[in-house]
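Numbering (UniProt numbering), first residue to last: 1 to 531.
This is the structure:
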């Protein structure tokens with residue numbers, strides 16, 4: 001591309017970001033636009049052809065800013081913290097995109113047939129790094145627009161979503177090559193064509209589809225039983241600070257729960273959502289003997305006469321130190337806590353503040369942001385057990401909120417023995433459908449990757465039961481107070497390759513990229529033009 005009009009490069013980066021935001025679930029296209037998937041990165045890769053390194057840096061920063069703001073704009077609805085949620089995420093990932101720009105710029109300078117493969121490898125490693133660690137944010141990944149094409153997403157039980165990430169980035173890079181003018185051929189170096197690789201990418205797509213069809217329809221998982229769950233979506237307003245808001249929230253959940261067991265007496269487990277109980281249940285249970293005043297919680301448990309799974313703060317004293325956890329409790333009809341899971345991956349800068357013990361840090365967050373405390377991260381992979389009347393024992397894990405999007409959390413729970421994952425979450429603060437559907441999409445991929453039933457019980461949506469192939473077996477409309485009584489099947493299933501091996505593909509691609517760079521450095525840092 002000629003630099004007579006360098007603004008076209010930046011326009012291409014913005015166009016890619018907009019395509020990406022339209023492809024994933026958004027307020028215009030609630031479930032996303034999967035047909036855009038192979039083209040999402042094509043403008044960006046096209047613009048990188050012949051770019052200087054400073055231009056590549058500006059392109060990637062611009063892409064990151066536009067994509068983050070247009071795909072995660074619902075973070076701006078986080079009340080008084082919105083400047084830190086939307087601003088923190090947007091600015092916090094600029095270093096990621098700056099770092100990425102160096103590798104994409106280097107890959108874009110390679111000749112065919114290496115260039116499109118290297119661009120795809122670099123992008124796959126980038127999305128893996130973006131989704132991992134303390135600052136990990138597995139939202140808006142390249143394969144997510146494909147979530148509704150169930151045969152395609154079955155390949156995730158082999159190597160996670162990363163084969164699809166690589167394939168889509170590869171196709172985008174090949175299409176960018178087709179759109180770019182080739183370098184003139186020389187007698188010693190004829191101009192290669194991207195078409196053979198494009199045919200290979202199409203063949204790989206067909207292989208993925210064939211694998212998915214076989215996995216879904218020819219390799220059944222034997223069902224060993226089932227239990228009936230009542231999922232309570234009470235649709236409380238997360239930003240209601242009125243004196244009676246907490247009690248009204250609990251009363252609504254109680255009313256819906258009792259309606260659920262009256263209409264479906266065979267319910268085995270009632271599930272609420274994240275932190276419906278706002279006062280630490282384990283600290284002073286006597287508080288719940290008299291609250292809510294209209295129907296005290298303890299009296300409700302007796303009437304319910306079934307185990308209740310609910311979110312609640314958990315208070316723990318270690319020496320002179322008091323710790324609070326965002327937790328899920330399994331509470332029996334007698335009010336006894338039968339098990340507790342403490343959230344391990346907390347939301348950075350919202351649920352957990354690094355260096356909170358430093359007085360200057362506390363002063364800033366308390367005085368400027370009005371954040372007066374922080375959760376402690378849990379450490380245990382708690383697996384709950386639920387005995388059924390027929391003698392069946394259900395073993396389940398409970399990732400909290402966005403934990404159901406993290407491979408490291410869900411794999412650990414499955415490897416610890418969980419045969420069902422029950423996610424308790426509250427996305428009502430976002431006030432948008434797109435935020436809730438984006439969350440669901442991440443969970444859907446996790447269910448398919450681990451071949452594990454995923455139950456989602458939420459405050460305002462998307463409440464549903466996802467089977468091991470990603471099919472939604474039952475659901476509720478969003479932002480509506482309602483209950484869902486659903487049969488949750490239990491399967492005898494061997495662990496998937498992905499459950500055993502984890503994120504092997506992006507790690508191997510990382511080693512390949514680094515080995516290639518080191519090899520070329522040893523040869524004197526070869527650089528080749530487009531073509």
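Glycine is no exception: its CB is placed at the ideal position from the N, C-alpha and C atoms.
| Top-ranked residue by Cα proximity to residue 240, from 376, 431 and 55 | Working through the chain shown from its first residue, we reach residue 240 at position 240. Relative to the Cα of residue 240, the nearest Cα in the group 376, 431 and 55 belongs to 431.
| query | When the Cα atoms are used, what is the spatial distance from residue 311 to residue 492? | reply | The count along the chain shown starts at 1 and reaches residue 311 at position 311. The count along the chain shown starts at 1 and reaches residue 492 at position 492. Near 29 Å, if we compare the C-alpha coordinates of residue 492 and residue 311.
| message | According to DSSP, residue 236 sits in a beta bridge with which residue or residues? | response | On the chain shown, position 236 is the one that residue 236 refers to. Bridge pairing for residue 236: absent [DSSP].
| Separation of residue 328 from residue 294, as counted between CA atoms | Taking the chain shown and counting its residues from 1, the one referred to as residue 294 is at position 294. Taking the chain shown and counting its residues from 1, the one referred to as residue 328 is at position 328. Between residue 294 and residue 328, the C-alpha separation is close to 24 Å.
| query | Quick one, are the C-beta atoms of residue 40 and residue 16 less than 8 Å apart? | reply | Numbered from 1 along the chain shown, position 40 holds the residue referred to as residue 40. Numbered from 1 along the chain shown, position 16 holds the residue referred to as residue 16. Yes. Within cutoff.
| Based on Cα-Cα distance, which residue from 505, 376, 354 and 473 lies nearest to residue 326? | Numbered from its first residue, the chain shown carries residue 326 at position 326. Nearest of 505, 376, 354 and 473 to residue 326, Cα basis: 376.
| field | Boundaries of the beta strand (DSSP E) in which residue 324 is found, first to last residue | value | The residue given as residue 324 occupies position 324 in the chain shown. 321-331 is the span of the beta strand (DSSP E), which, as asked, contains residue 324.
| What are the boundary residues of the beta strand (DSSP E) that residue 454 is part of? | Indexing the chain shown from 1 puts residue 454 at position 454. First-last of the beta strand (DSSP E) with residue 454: 453-458.
| Closest residue to residue 399 among 269, 221, 422 and 384 (Cα-Cα distance) | Position 399 of the chain shown holds residue 399. Of the listed residues, the one whose Cα sits closest to residue 399 is 422.
| request: Taking only the alpha-carbon atoms, compute the straight-line gap between residue 361 and residue 87 and give it to the nearest angstrom. | output: Here residue 361 refers to the residue found at position 361 of the chain shown. Here residue 87 refers to the residue found at position 87 of the chain shown. Going by C-alpha positions, residue 361 is about 19 Å away from residue 87.
| According to DSSP, which residues form a beta bridge with residue 385? | Taking the chain shown and counting its residues from 1, the one referred to as residue 385 is at position 385. Bridge partners of residue 385: 395.
| When you compare only the Cα positions, how much space is there between residue 528 and residue 93? | Residue 528 sits at position 528 when you count from the first residue of the chain shown. Residue 93 sits at position 93 when you count from the first residue of the chain shown. Unreliable positioning characterises residue 528 in this predicted model, as indicated by a pLDDT of 47, which lies under 50. The coordinate reading is nonetheless provided below. Separation of residue 528 and residue 93 (C-alpha to C-alpha, rounded to the nearest whole angstrom) is 30 Å.
| Cα-Cα separation between residue 282 and residue 337, rounded to whole angstroms | For the purposes of this step, residue 282 is taken as the residue at position 282 of the chain shown. For the purposes of this step, residue 337 is taken as the residue at position 337 of the chain shown. Between the alpha carbons of residue 282 and residue 337 lies a gap of roughly 8 Å.
| The beta strand (DSSP E) spanning residue 475 covers which residue range? | Locating residue 475 in the chain shown gives position 475, where the first residue counts as 1. In this chain, the beta strand (DSSP E) harbouring residue 475 covers 472-475.
| Can you pull the DSSP bridge partners for residue 97? | Here residue 97 corresponds to residue number 97 of the chain shown, with the count starting at 1. In the DSSP output, where bridge partners are listed per residue, residue 97 has none listed.
| If you pair each beta-carbon of the stretch 436-453 with each one of the stretch 141-155, do three or more pairs fall below 8 Å? | Contact between the stretch 436-453 and the stretch 141-155 is present, with at least three C-beta pairs closer than 8 Å.
| request: Check each candidate in 381, 248, 429 and 433 and name the one with the smallest Cα separation from residue 408. | output: Within the chain shown, residue 408 is the residue found at index 408, counting from 1. Among 381, 248, 429 and 433, the Cα nearest to that of residue 408 is on 381.
| query | What's the C-alpha gap between residue 258 and residue 304? | reply | Here residue 258 refers to the residue found at position 258 when the chain shown is read from its first residue. Here residue 304 refers to the residue found at position 304 when the chain shown is read from its first residue. Note on geometry: alpha-carbon atoms of residue 258 and residue 304 lie some 7 Å from one another.
| task | Might you give, ordered along the chain, the residues of its own chain that have their beta carbon closer than 8 Å to the beta carbon of residue 14, omitting 5 neighbours on each side? | result | Locating residue 14 in the chain shown gives position 14, counting from the first residue. 62, 63 and 66, listed in sequence order.
| task | Quick one: grab the DSSP three-state call for residue 37. | result | By 1-based counting over the chain shown, the position of residue 37 is 37. In the structure shown, residue 37 falls within a helical segment according to DSSP collapsed to helix, strand and coil.
| said: Here's a check: name, in chain order, each residue in its chain whose Cβ is nearer than 6 Å to the Cβ of residue 434, leaving out the five neighbours to either side. | reply: Translated into the one-based positions of the chain shown, residue 434 becomes position 434. Within the same chain, residue 434 has close Cβ partners 25, 26 and 27.
| message | For residue 374 and residue 351, which I take to be in contact (beta-carbon distance under 8 Å), what is that distance rounded to the nearest angstrom? | response | Locating residue 374 in the chain shown gives position 374, counting from the first residue. Locating residue 351 in the chain shown gives position 351, counting from the first residue. The pair is a contact, with the Cβ atoms about 7 Å apart (cut-off 8 Å).
| query | So, helix, strand or coil for residue 491, using DSSP? | reply | For this step, residue 491 is matched to residue 491 along the chain shown. Three-state DSSP puts residue 491 in a strand.
| said: So if DSSP puts residue 134 in a beta bridge, which residue, or which two residues, is it bridged to? | reply: What you label residue 134 is simply residue 134 of the chain shown in a count that begins at 1. Residue 134 is not bridged to any residue.
| In terms of residue numbering, what span does the alpha helix (DSSP H) encompassing residue 521 cover? | Counted from its first residue, the chain shown places residue 521 at position 521. First-last of the alpha helix (DSSP H) with residue 521: 504-522.
| field | Nearest residue (CA-CA) to residue 35, options 163, 340, 172 and 275 | value | As a position in the chain shown, residue 35 is number 35, starting the count at 1. Per the Cα distances, 172.
| query | Do the stretch 148-156 and the stretch 47-57 make contact, defined as three or more Cβ pairs closer than 8 Å? | reply | Too few Cβ pairs lie closer than 8 Å, so no.
| field | Limits of the alpha helix (DSSP H) - the one that residue 466 falls within | value | Position 466 of the chain shown holds residue 466. First-last for residue 466: 464-466, but that is the beta strand (DSSP E), not the alpha helix (DSSP H).
| query | Roughly how many whole angstroms lie between the Cα atoms of residue 469 and residue 233? | reply | Here residue 469 is taken as the residue at index 469 of the chain shown, counted from 1. Here residue 233 is taken as the residue at index 233 of the chain shown, counted from 1. Straight-line Cα distance between these residues: approximately 24 Å.
| said: I'd like to know whether the C-beta atoms of residue 406 and residue 163 end up nearer to each other than 8 Å. | reply: The residue labelled residue 406 in the question sits at position 406 within the chain shown. The residue labelled residue 163 in the question sits at position 163 within the chain shown. In this structure, residue 163 does not lie closer than 8 Å to residue 406 by Cβ.
| Proximity to residue 481 [Cα-Cα], best of 95, 506, 202 and 237 | Reading the chain shown from its first residue, position 481 is the one you call residue 481. Check the Cα spacing between residue 481 and each of 95, 506, 202 and 237: the tightest is with 237.
| Between which two residues does the alpha helix (DSSP H) carrying residue 68 extend? | Here residue 68 refers to the residue found at position 68 when the chain shown is read from its first residue. In the DSSP assignment, residue 68 falls within the alpha helix (DSSP H) that extends over 53-71.
| request: Could you name the residues of the same chain whose beta carbon sits closer than 6 Å to that of residue 106, not counting the 5 residues immediately before and after it, in chain order? | output: Position 106 of the chain shown holds residue 106. Same-chain partners within the cutoff: there are none.
| task | Evaluate residue 124 with the Cβ neighbour count: other Cβ atoms within 10 Å of its Cβ, from every protein chain shown; 16 or more gives buried, anything less gives exposed. | result | Here residue 124 is taken as the residue at index 124 of the chain shown, counted from 1. It is buried - the Cβ of residue 124 has at least 16 other Cβ atoms within 10 Å.
| Name the DSSP beta bridge partners of residue 342, please? | Numbered from its first residue, the chain shown carries residue 342 at position 342. Paired residues: 327.
| request: Pick helix, strand or coil for residue 533, following the three-state DSSP scheme. | output: Outside the displayed range of the chain (1 to 531) lies residue 533, so it cannot be described from this structure.
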